[in-house]
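See below for the structure under consideration.
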Amino acid sequence: MLQAKNSLGVIFFPAFDWAISATHPEREERLLYTQDQLREEGLFDIEGITEYKPEIATREDVERVHFCIPDVSTVCTKSHLISAGGAIKAAQLVMEKKKDKAFALVRPPGHHAMKVVHGNRGFCNINIEAVMLERIREQYGPLRVAIIDTDCHHGDGTQDIYWHDRNTLFISIHQDGRTLYPGTGFPIELGGPNALGKTLNIPLPPNTSDKGFLHVIDHLVLPILEDFKPDLIINSAGQDNHFSDPITNMNFTARGYALLNKKLNPDIAVLEGGYAIQGALPYVNLGICLAMAGLDFDHVIEPDLNPAAIEQSPQVTEYIEKLSAELLNLYRNPPAVPKQGEVSGEFFVRTKDIYYDTDGISESQVESVVMCPDCSGTLKIETWSTVNPLSVGIQIPIDACDRCLGLGQRMLEEAHVKGNYRYIQCINRKEKQYTHYGF
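If you read the sequence shown in the working numbering, its first letter stands for residue 348, the second for the next number, and so on.
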């Protein structure tokens, strides 16, 4: 019997009872074809590869990460909790050394869900990778983590959640935001004042093929990972860079995805986007599973593959080589202060306007973070939207120093006494207290 070099856990959750609409690209068939393909290829007959059922994330798991306005039950369904629970199960398998690696093939996706959630944007309600990561940090202790987002769309939600976290490196490799939703993810976006340089965006031009993606991995991502030295690598595994994807403009192949995974060598992968339901996803997912298990994937070839038709131009190659060199230098030499926002006393303040494209919600925020040399800084977000009045979220980080812990507690008191907020939420990671008040 064939033996996996790396033992692999695979978690499936197609979410039969959740869909934006019956014909929407993000629907259950995204995983049903993959499930059939993996079984037909005999993946689970390989020694060391095992299929698992997901856990169910709790309300506290979500409240540890998000300010859900007005509350968790309003912005997500049980399917979202099971999707996040599938990611949690993957992480537990790795953390408890039951498996060397794990791949959560779950939906709904999550990487467009930001710190504050008023509804669905980019097909996402809660950020399943963040819910997973913060559960295992609470369960197993401090972790230095790298999240590499290979979805074709910028992982703006994950970026927003970890913007101030100096112990999380977030790298997003995506189609240039000037040509694709959500229109963000540029090199200038480097993180907040206490975590500057821990966010890195790699916007690639349309029609980038395997050659361009793999150049970025070899010449930019791997050197940065070697410098950062994470305890854990998570691949936010969006598969909509595929040449046949109906809503993007890239030229990646199934074997390219598998080779990227082999080079990146993540501990955990979590499915994100990918909407070529029959022509790409079954083959890409098979290639990634084989790569994670340390097995040969050269036989994985999707239908209609014509390498000559999707070869990137010399101009694209030159652009990507130059961009990789510039971004590596930017990582090594970040600016002294972020370009977004301004200093106000002991706080760094930025304003944001966010549109929830799926639900048609407009939101405005004022975000203030304590500038702190000793921790990630206490965070305050004032938020209001077309569906919710002025509300506030306060977060005391898990690595909070005594000063930031005290400031966070005072902010919460002042919000009750002086603030005119409809909802007040506090994420106190230091003391593991997650509170919610409605007025």
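The beta-carbon is built from N, C-alpha and C at its ideal position, and this holds for glycine as well. Treat the numbers as computed from the prediction; the structure is a model and nothing was measured.
Residue range of the unbroken beta strand (DSSP E) whose run includes residue i
| i | result |
| --- | --- |
| Gly395 | Glu394 to Tyr399 |
| Leu606 | Note, Leu606: premise wrong, no beta strand (DSSP E); alpha helix (DSSP H) at Ala601 to Leu611. |
| Arg697 | Phe694 to Tyr703 |
| Gln350 | Gln350 to Phe360 |
| Ser723 | No beta strand (DSSP E) contains Ser723, which DSSP labels as neither H nor E. |
| Ile771 | Tyr770 to Asn775 |
| Val690 | Glu689 to Ser691 |
| Gln486 | Segment Ile475 to Tyr487 is the alpha helix (DSSP H) holding Gln486; no beta strand (DSSP E) there. |
| Gly785 | Gln780 to Gly785 |
Bridge-paired residues (DSSP) for residue i
| i | result |
| --- | --- |
| Asn548 | Ser519 |
| Asn598 | Ser556 |
| Glu729 | Val713 and Val739 |
| Val492 | Thr515 and Leu579 |
| His589 | Phe599 |
| Ile708 | Tyr703 |
8 angstroms Cβ shell around residue i - same chain, five flanking residues per side excluded
| i | result |
| --- | --- |
| Tyr702 | Arg468, Ile708, Ser709 and Glu710 |
| Lys576 | Arg491 |
| Gln384 | Pro629, Tyr630, Asn632 and Leu633 |
| Ala351 | Ile393, Glu394, Gly395, Ile396, Ala640, Gly641 and Leu642 |
| Leu561 | Gly603, Leu606, Leu607 and Lys610 |
Where the alpha helix (DSSP H) containing residue i begins and where it ends
| i | result |
| --- | --- |
| Leu633 | Leu628 to Met639 |
| His582 | Correcting the residue type first, residue 582 is Asn in the shown sequence and not His. That residue, Asn582, is in no alpha helix (DSSP H); its beta strand (DSSP E) goes Leu579 to Ala584. |
| His763 | Asp749 to Val764 |
| Leu642 | From DSSP, Leu642 is part of no alpha helix (DSSP H); its letter is neither H nor E. |
| Leu618 | Premise fails: Leu618 lies in the beta strand (DSSP E), Ile615 to Leu618, not in any alpha helix (DSSP H). |
| Ile508 | Asp503 to Ile508 |
| Gln662 | Pro661 to Arg679 |
| Glu410 | Arg406 to Glu410 |
Same chain only: Cβ atoms within 7 angstroms of residue i, ignoring 5 sequence neighbours per side
| i | result |
| --- | --- |
| Val684 | Pro540 |
| Thr515 | Val492, Ile494, Tyr509 and Lys545 |
| Gly532 | His501, Asp503, Ser519, His521, Gly524, Asn548 and Pro550 |
| Val663 | Pro552, Asn554, Thr555 and Gly559 |
| His689 | The sequence shown places Glu at residue 689, rather than the His named in the question. The residues are Val696. |
| Gln586 | Tyr604, Gly620, Gly621, Ala627, Leu628 and Val631 |
| Asn676 | none |
| Gly333 | Since the first residue shown for the chain is 348 and the last is 786, residue 333 is missing from the structure and cannot be characterised. |
| Leu487 | First, the residue type needs correcting, since residue 487 is Tyr and not Leu in the sequence shown. These residues qualify, in order along the chain: Met442. |
| Ala584 | Thr497, Ala616, Val617, Leu618, Glu619 and Ile635 |
Inter-residue CB distance, residue i and residue j (contact presumed, cutoff 8 angstroms)
| i | j | result |
| --- | --- | --- |
| Asn474 | Thr505 | 6 angstroms |
| Ile771 | Ala762 | 5 angstroms |
| Gly466 | Val419 | The Cβ separation is near 13 angstroms, so there is no contact. |
| Val478 | Asp408 | 5 angstroms |
| Leu618 | Arg750 | Between Arg750 and Leu618 the Cβ distance is about 40 angstroms, and since that is not below 8 angstroms, they are no contact. |
| Ser723 | Arg513 | 5 angstroms |
| Ile743 | Leu752 | 6 angstroms |
| His459 | Pro361 | Rounded, the Cβ-Cβ distance is 20 angstroms, inconsistent with contact. |
| Phe470 | Thr705 | 6 angstroms |
| Gln712 | Lys727 | Their Cβ separation, rounded to whole angstroms, is 10 angstroms, which puts Gln712 and Lys727 out of contact at 8 angstroms. |
Neighbourhood of residue i by C-beta distance below 6 angstroms, restricted to the same chain and skipping five residues each side
| i | result |
| --- | --- |
| Asp447 | Asn353 and Ser354 |
| Ala638 | Ala605, Asn608, Lys609 and Phe644 |
| Ala437 | Ile358, Ala449, Ala451 and Ile615 |
| Tyr784 | Ile771 |
| Ser738 | Ile416, Thr730, Tyr768, Arg769 and Tyr770 |
| Asn588 | Cys499, Met597 and Phe599 |
| Phe414 | Val463, Gly740 and Gln772 |
| Met461 | Gly504 and Asp507 |
| Met348 | Glu394 |
Check: residue i C-beta below 7 angstroms from any heavy atom of the ligand MG
| i | result |
| --- | --- |
| Ala655 | The model on display carries no ligand, and the ligand MG is accordingly not part of it. |
Length at least 3, wholly inside the stretch 414 to 472: the beta strand (DSSP E) runs in chain order: 448 to 453
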